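Heads up, this note's numbering is the position in the sequence shown plus 126, with the first residue counted as 1. Glycine residues also receive a C-beta, built at the ideal position from the N, C-alpha and C atoms. In this text, all values refer to a predicted model and were calculated from it rather than measured experimentally.
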Amino acid sequence: MLSKKTRKYIFVVGGVLSGVGKGVTCASLGAIFKAKGFKVTALKIDPYINVDAGTMNPVEHGEVFVTDDGDETDQDMGNYERFLDVDLSSESYMTTGRVYLTVIQNERAMKYKGKCVQVVPHVPEEIIRRIDNAAEKHNAEIVLIEVGGTVGEYENILFLEAARILKLKHPSDVAFILVSYLPIPSHLGEMKTKPTQHAARALNSVGINADFIIARGKTELDKPRREKLAIFCNVPADNCVSAPDVASIYEIPLLLDKENVCNKLLKMMHLRPRHAGLVEWKDLNKKIAKTKKEVKIAVVGKYFSTGEFTLADSYISVIEAIKHASWFNNVKPVLEWIDSEDFETNPSKINILRQYDGLVVPGGFGGRGIEGVIRAIKFARENKIPYLGLCYGMQLACVEFARNVLGKKNAHTVEIDPETPDPIIHISPVQAKNVRENRYGGTMRLGAYECVLMVGSKTQKAYSVDKISERHRHRYEFNNDYCEMIEDADLQIVGVNPESNLVEIVELKNHPFFVGTQFHPEFKSRPMRPHPLFREFVRAAVGRRV
Ligand code: GLN
């Protein structure tokens with residue numbers, strides 16, 4: 127166990143607007159420190175009152191990323207896992223709700239020994255305890271802490287207060303990075319520093335001075351503006367880092383390393399600078415730049431639109447997994463979002479799917495757009511278009527199969543039709559009780575479970591082992607009464623949980639690639655190690671092209 131005395135804390139906070147790239151910055155810094163040989167971990171703070179991200183709508187909040195130990199967390203945790211190539215845990219994620227819940231439970235248990243329990247210091251103390259806990263759990267000498275939201279909001283103030291206290295106690299062990307945005311208003315055509323100046327001031331007003339500014343923007347940060355930021359934000363010009371938009375987020379570790387950010391941080395925190403090879407990152411980026419041949423993948427789902435916007439964030443791990451697998455197969459992924467509701471209002475539109483090399487149906491909940499999804503799956507099955515169904519995508523593939531191959535016209539998942547005569551996807555009594563009693567938070571089947579694979583199946587060959595562990599997030603299940611029926615009709619059950627006998631993977635015979643998983647393989651894909659199922663899915667898609 128590494129000593130707490132030598133631990134370094136780097137807080138990454140955001141200025142001006144959200145979605146500016148704090149998560150990727152944090153993840154990239156982690157990747158660089160790791161390449162330098164440090165033991166590093168990253169931690170996400172979500173300022174919401176929600177205890178976890180499981181109860182948040184993905185259109186508003188983005189993907190719910192699930193850890194091995196079954197925590198429902200923020201999508202940035204996925205970036206950390208992908209960039210650091212580690213498995214994180216529930217210790218690596220906190221929300222306001224979670225912090226308060228512990229403080230209140232402590233109070234009820236007399237843990238404060240009769241003291242007045244106060245917002246300060248008790249809440250920041252709990253925050254700091256959680257940060258140290260994450261560092262200990264992941265045996266880290268450097269811990270990167272991303273504070274969600276932007277500075278100047280009410281919501282994250284107590285987290286910044288915790289950071290300030292930590293800095294006061296350990297001045298040479300704590301650093302602050304402000305990731306901010308520098309707009310270029312079209313009528314001026316000039317990059318403006320003022321919003322970032324305000325963000326730096328907002329940070330000053332809670333007793334924190336940024337040590338670095340990561341200047342996000344459309345273009346490079348030039349010298350005059352760098353100097354302006356330095357003077358007005360009280361940050362050395364050398365620490366104002368240019369971070370223009372890039373084609374791929376996987377360029378960021380190289381970009382930040384070129385700016386020498388980590389070595390400057392190390393020096394600041396009294397550690398000796400080290401060289402980072404970043405060979406794998408360089409190779410990956412070369413490969414990304416070089417691949418020209420395209421593979422066209424359609425992602426069919428419903429969490430795509432909020433007003434005028436399409437929120438690919440709802441499925442970020444799926445997108446990244448497709449990218450990783452495509453680069454591995456030397457192709458450039460062209461992803462298109464297809465709103466399944468279109469197939470309901472205009473059934474002939476289904477033919478557009480013919481243009482694609484592969485079809486993915488990701489996870490989801492509820493009835494909107496479901497009949498459109500089922501039509502898309504039928505099209506992929508009948509037209510031999512490679513298909514990968516993830517969680518809901520597996521359940522609905524089973525519903526489609528029951529209806530159109532087994533002839534059970536009214537088959538459904540009981541999530542949508544509780545009265546269906548053919549509940550091929552059903553619910554366990556325990557889960558039914560959770561729903562009846564409105565116990566939604568943290569009660570799904572969550573986290574890693576083992577799965578035994580059928581030797582010789584495409585799936586098993588992809589994994590090249592016969593026992594795997596994958597992450598889950600679902601309430602409904604395949605109904606084992608239908609096992610024989612689907613298998614007799616060539617939809618094979620190729621993955622089963624050895625303890626509960628739950629069906630985890632189905633695979634269609636006589637099809638180039640038609641696989642549905644009850645789990646979410648996308649959570650375990652890494653840029654340098656694509657997930658085997660995505661890898662084989664893309665391989666099949668490329669095969670359809672030639
Ligand atoms: N709605 C389905 C269930 O709860 C699938 C969930 C998912 O796709 N993550 O079981």
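Check each candidate in the options and name the one with the smallest Cα separation from residue i.
i: Pro-679; options: Asn-456, Lys-504 and Pro-459; result: Here the chain comprises residues numbered 127 to 672, so residue 679 is not present and cannot be evaluated.
i: Pro-247; options: Val-277, Met-220, Leu-286 and Leu-214; result: Leu-286
i: Tyr-608; options: Arg-665, Trp-463, Arg-529 and Lys-587; result: Arg-529
i: Ala-336; options: Asn-365, Pro-350 and His-313; result: Asn-365
i: Asp-439; options: Arg-290, Asp-194 and Asp-200; result: Asp-200
i: Phe-645; options: Glu-462, Lys-318 and Arg-601; result: Arg-601
i: Ile-340; options: Ile-542, Leu-314, Asn-386 and Glu-576; result: Asn-386
i: Glu-625; options: Lys-237, Ser-595 and Ala-615; result: Ser-595
i: Gly-275; options: Leu-143, Pro-311, Leu-392 and Ile-310; result: Leu-143
i: Leu-514; options: Lys-412, Ile-175 and Val-426; result: Val-426
i: Ala-615; options: Val-486, Ser-590 and Gly-533; result: Gly-533
i: Pro-311; options: Glu-186, Leu-410 and Thr-345; result: Thr-345
i: Lys-449; options: Ser-218, Ile-414 and Ser-216; result: Ile-414
i: Tyr-441; options: Leu-284, Pro-184, Tyr-482 and Lys-162; result: Pro-184
i: Asn-477; options: Arg-501, Ser-298 and Val-486; result: Arg-501
i: Val-486; options: Phe-639, Glu-189 and His-401; result: Phe-639
i: His-296; options: Glu-563, Arg-255, Glu-316 and Lys-134; result: Lys-134
i: Leu-391; options: Thr-319, Lys-162, Lys-131 and Pro-658; result: Lys-162
i: Val-668; options: Gln-586, Gly-204 and Tyr-482; result: Tyr-482
i: Asn-508; options: Gln-521, Gly-495 and Glu-526; result: Asn is not the amino acid found at residue 508; the sequence shown has Glu there. Among Gln-521, Gly-495 and Glu-526, the Cα nearest to that of Glu-508 is on Glu-526.
i: Pro-459; options: Glu-279, Lys-587 and Arg-665; result: Arg-665
i: Ile-375; options: Phe-338, Asp-202, Asn-606 and Val-531; result: Asp-202
i: Leu-227; options: Leu-214, Val-245, Leu-210 and Ser-215; result: Val-245
i: Leu-572; options: Val-277, His-598, Ile-553 and Asn-560; result: His-598
i: His-637; options: Thr-585, Val-556 and Lys-408; result: Thr-585
i: Arg-722; options: Asn-389, Ala-588 and Leu-404; result: Because the chain here runs from 127 to 672, residue 722 falls outside it and cannot be looked at.
i: Gly-141; options: Arg-671, Phe-302, Glu-217 and Arg-480; result: Phe-302
i: Ala-289; options: Glu-262, Leu-314, Ala-266 and Asp-258; result: Asp-258
Taking residue i and residue j to be in contact with their CB atoms under 8 Å, please state how far apart those CB atoms are, rounded to whole angstroms.
i: Leu-308; j: Leu-347; result: 7 Å
i: Val-758; j: Val-273; result: Only positions 127 to 672 of the chain appear in this structure, which leaves residue 758 out of reach.
i: Phe-660; j: Ser-651; result: 6 Å
i: Cys-524; j: Ile-612; result: 7 Å
i: Cys-577; j: Glu-630; result: 4 Å
i: Glu-648; j: Ala-369; result: That pair is no contact at about 27 Å.
i: His-538; j: Asn-605; result: Not quite, the Cβ-Cβ distance comes to about 11 Å (not below 8 Å), so this is no contact.
i: Gly-223; j: Ile-171; result: So it is not a contact: roughly 12 Å between Cβ atoms.
i: Pro-173; j: Glu-281; result: 4 Å
Are residue i and residue j touching if we call contact CB-CB under 8 Å?
i: Ile-268; j: Phe-159; result: yes
i: Leu-628; j: Glu-610; result: no
i: Val-166; j: Gly-156; result: yes
i: Gly-492; j: Asp-178; result: no
i: Met-580; j: Val-641; result: no
i: Ile-253; j: Val-225; result: yes
i: Ile-378; j: Ser-154; result: yes
i: Glu-462; j: Lys-422; result: yes
i: Thr-417; j: Val-457; result: yes
i: Leu-304; j: Leu-329; result: yes
i: Ala-235; j: Leu-169; result: no
i: Glu-541; j: Glu-497; result: no
i: Pro-549; j: Gly-519; result: no
i: Asp-197; j: Ala-574; result: no
i: Val-332; j: Ile-283; result: yes
i: Ser-298; j: Arg-342; result: no
i: Gly-698; j: Asn-205; result: With the chain covering 127 to 672 only, the question about residue 698 has no answer from this structure.
i: Arg-351; j: Met-317; result: yes
i: Asn-560; j: Thr-546; result: no
i: Glu-467; j: Gly-490; result: no
i: Gln-618; j: Lys-635; result: yes
i: Pro-658; j: Ala-558; result: no
i: Leu-404; j: Pro-653; result: no
Counting contacts by CB-CB distance shorter than 8 Å, is residue i in contact with chain D?
i: Lys-458; result: Among the chains of the structure shown, chain D does not appear; only one protein chain is present.
Let me check you understand the geometry: is the CB of residue i closer than 7 Å to at least one non-hydrogen atom of ligand 2?
i: Phe-469; result: In the structure shown, ligand 2 is absent; the only ligands present are ligand 1.
Could you give the uninterrupted runs of the alpha helix (DSSP H) lying entirely in the stretch 175 to 232, keeping only those of 4 residues or more?
184 to 187 and 202 to 210
Just to confirm the assignment: which complete alpha helix (DSSP H) runs, minimum length 4, are found wholly within the stretch 319 to 404?
320 to 330, 349 to 359, 378 to 384 and 387 to 394
Segments of 3+ residues assigned as beta strand (DSSP E) that fall wholly inside the stretch 533 to 592
549 to 553 and 571 to 579
Completely contained beta strand (DSSP E) runs for the stretch 474 to 512, where each covers 3 or more residues:
484 to 487
In chain order, each beta strand (DSSP E) run of at least 3 residues that lies wholly inside the stretch 264 to 299
268 to 273
Could you pull out every unbroken alpha helix (DSSP H) segment of at least 4 residues lying fully inside the stretch 410 to 467, listed in chain order?
442 to 454
What beta strand (DSSP E) runs, 3 residues minimum, are completely inside the stretch 614 to 668?
617 to 622, 629 to 634 and 640 to 643
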